[in-house]
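Engineer:
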Amino acid sequence: MATPAMLAGCGGQAGAGSAHSTDRPRSSPNWPEFDDYLRRLAEAGQFSGAVLVAKNGKPVLQRAYGMADKTRRMANTPRTTFNICSMGKMFTAVAIAQLVGEHKLSFTDRVGQYLTAFPAAIADDVTIHQLLTHTSGMDDVALRRTPNSTPPTTLDGQLSKIAAAPLRFPPGSRMSYSNDGFIVLGAIVEKVSGLRYRDYLRRNVFGRAGMPNTDVAVYTPSRITGMAHGYMLVGRDGQPVQPRPGRMRACNRKACGTTATPRRSATRPGAGTPRSATCSLSRSR
């Protein structure tokens, strides 16, 4: 029996409350009922985005809900582009798995085997597996803002900040979410493959998965026509919140953030779904 694949782009309801107030659809796939469920969530301010559900490679539900730009009253459409942020980390993991499958590196390799700008505490002790599982001990300094500085926009600048920061705990001793670890993984992908991180993903991940509308650059909505603003549910004044001008910026080699459009091109069998990304893509050439 074929399992339906669902690809969704969310318009950024970060911090949204629980959807328990709206009855969930029954477990049997009844797509009109599911459509009605999502519509009611959107009307209640609990969901905003585009949804594509495919079965046997054919769309059974493709619809958008909520607003891409509340100020200009622009609705989301199935062709709206969304910033999916850290969901892009799965693509970095796929790239690493591909290189492991080609015997170009190992999950147990140390950072220092590929990158030379790190102190011994990182170079000799942190493994690729620990970077993937957020157990490296790395902090989140590369993208951190301070009153007197903004995060670097180049990979070299980000790596320099990461190398200068002490580890929060001994590698492998516990788990703590780290963007820095995935930036380092992106640099390792570049070193081993000889390609820019963005080019590697376009060629070996997005291209092979039938995802031509996905990119690793992170932009402000003003940079891309038809891109949704990311909103928190409400701000302190009770109004919808979107990023301040300049808060998000283009970064062509970012291994921890992604933009994507859930279009019909991702509905061929095995294409464009997390399942294909983490399994098939790491095994096939």
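Residue 222 in the numbering used here sits at position 217 of the sequence shown, and the numbers go up by one each step.
C-beta: ideal position from N, C-alpha, C; glycine also.
What you are looking at is a predicted structure, and each value in this text was computed from that prediction instead of being measured.
(1) Could you check where the alpha helix (DSSP H) with isoleucine 101 kicks off and where it finishes?
(2) Using the beta-carbon count (16 or more within 10 Å), is histidine 108 buried or exposed?
(3) Counting only runs of 4+ residues fully inside the segment 112 to 173, write out the alpha helix (DSSP H) ranges in chain order.
(4) For phenylalanine 39, which three-state DSSP category applies?
(5) Could you round the C-beta distance between glycine 93 and valine 221 to whole angstroms and report it? I think they count as a contact, below 8 Å.
(6) Round the Cβ separation of serine 183 and aspartate 129 to the nearest angstrom and send it over; I've been treating them as touching at under 8 Å.
(7) Is the beta carbon of threonine 121 closer than 8 Å to that of glycine 191?
(8) Does DSSP put tyrosine 182 in a helix, in a strand, or in coil?
(9) Look up asparagine 2 in the DSSP assignment and say whether it is helix, strand or coil.
(10) Between tryptophan 36 and valine 58, what straight-line distance do the alpha-carbon atoms span, to the nearest angstrom?
(11) Following the continuous beta strand (DSSP E) through tyrosine 236, name the residue where it begins and the one where it ends.
(12) Whole-angstrom Cβ separation of glycine 212 and phenylalanine 174, contact assumed at under 8 Å?
(13) For valine 65, which of Gly231, Ala170, Asp40 and Leu164 has the nearest alpha-carbon?
(14) Indicate, with yes or no, if the ligand MN has a heavy atom lying under 7 Å from the CB of valine 194.
(15) Measuring straight from C-alpha to C-alpha, what distance separates arginine 249 and glycine 235?
(16) Excluding sequence positions up to five away, which residues of its chain have a Cβ less than 6 Å from the Cβ of glutamine 135?
(17) Classify arginine 68 as helix, strand or coil using the three-state DSSP reduction.
(18) Who are the near neighbours of arginine 150 in its chain, counting only those whose CB is closer than 7 Å to its CB and skipping five residues on each side?
(19) Please return the same chain residues whose Cβ sits closer than 6 Å to the Cβ of aspartate 114, not counting the five positions on each side in sequence.
(20) Buried or exposed: threonine 158, going by 16 or more other Cβ atoms within 10 Å of its Cβ?
Structural biologist: Considering the structure as presented:
(1) Position 96 of the sequence shown, counting from 1, holds the residue named residue 101. Isoleucine 101 -> alpha helix (DSSP H) spans 94 to 106.
(2) In the sequence shown, counting from the first residue as 1, residue 108 sits at position 103. Histidine 108 should be labelled exposed.
(3) Those alpha helix (DSSP H) runs which fall completely within the segment 112 to 173 and span 4+ residues are 125 to 128, 133 to 137 and 160 to 169.
(4) For the purposes of this step, residue 39 is taken as the residue at position 34 of the sequence shown. Reduced to three states, the DSSP call for phenylalanine 39 is helix.
(5) Residue numbering aside, residue 93 sits at position 88 when the sequence shown is read from its first letter. Residue numbering aside, residue 221 sits at position 216 when the sequence shown is read from its first letter. Yes, glycine 93 and valine 221 are in contact; Cβ-Cβ is about 6 Å, under 8 Å.
(6) Mapped onto the sequence shown, residue 183 falls at position 178. Mapped onto the sequence shown, residue 129 falls at position 124. About 18 Å separates the two Cβ atoms, so there is no contact after all.
(7) Against the sequence shown, residue 191 aligns to sequence position 186. Against the sequence shown, residue 121 aligns to sequence position 116. Between glycine 191 and threonine 121, the gap from beta carbon to beta carbon reaches 8 Å or more.
(8) The residue labelled residue 182 in the question sits at position 177 within the sequence shown. Looking at tyrosine 182 - three-state DSSP - the assignment turns out to be coil, as it is neither helix nor strand.
(9) Only positions 6 to 290 of the chain appear in the structure, and residue 2 is not among them; the question remains open.
(10) Counted from its first residue, the sequence shown places residue 36 at position 31. Counted from its first residue, the sequence shown places residue 58 at position 53. About 9 Å.
(11) Counted from its first residue, the sequence shown places residue 236 at position 231. That residue, tyrosine 236, is in no beta strand (DSSP E); it is neither H nor E in DSSP.
(12) Against the sequence shown, residue 212 aligns to sequence position 207. Against the sequence shown, residue 174 aligns to sequence position 169. Taking a contact as a CB-CB distance under 8 Å, the pair glycine 212 and phenylalanine 174 does not count as one, their CB atoms being some 38 Å apart.
(13) Reading the sequence shown from its first residue, position 60 is the one you call residue 65. When only C-alpha atoms are compared, the closest one is Asp40.
(14) With respect to the ligand MN, the structure shown offers nothing to examine, as it has no ligands at all.
(15) On the sequence shown, position 244 is the one that residue 249 refers to. On the sequence shown, position 230 is the one that residue 235 refers to. Note that arginine 249 scores 48 on pLDDT, short of 50, meaning its location in the model is unreliable; the coordinates nonetheless yield the value given after this. It is roughly 11 Å from the alpha-carbon of arginine 249 to the alpha-carbon of glycine 235.
(16) The residue you call residue 135 lines up with position 130 of the sequence shown. Contacts found: Ser141, Pro176 and Gly177.
(17) Walking along the sequence shown from the start, residue 68 turns up at place 63. Look at arginine 68 here: in three-state DSSP terms it is strand.
(18) Locating residue 150 in the sequence shown gives position 145, counting from the first residue. So the qualifying residues of the chain are Pro156.
(19) Walking along the sequence shown from the start, residue 114 turns up at place 109. If we look at aspartate 114 and ignore the five residues flanking it on each side, its Cβ neighbours are Ile133.
(20) Position 153 of the sequence shown, counted from the start, is the residue given in the question as residue 158. So threonine 158 counts as exposed.
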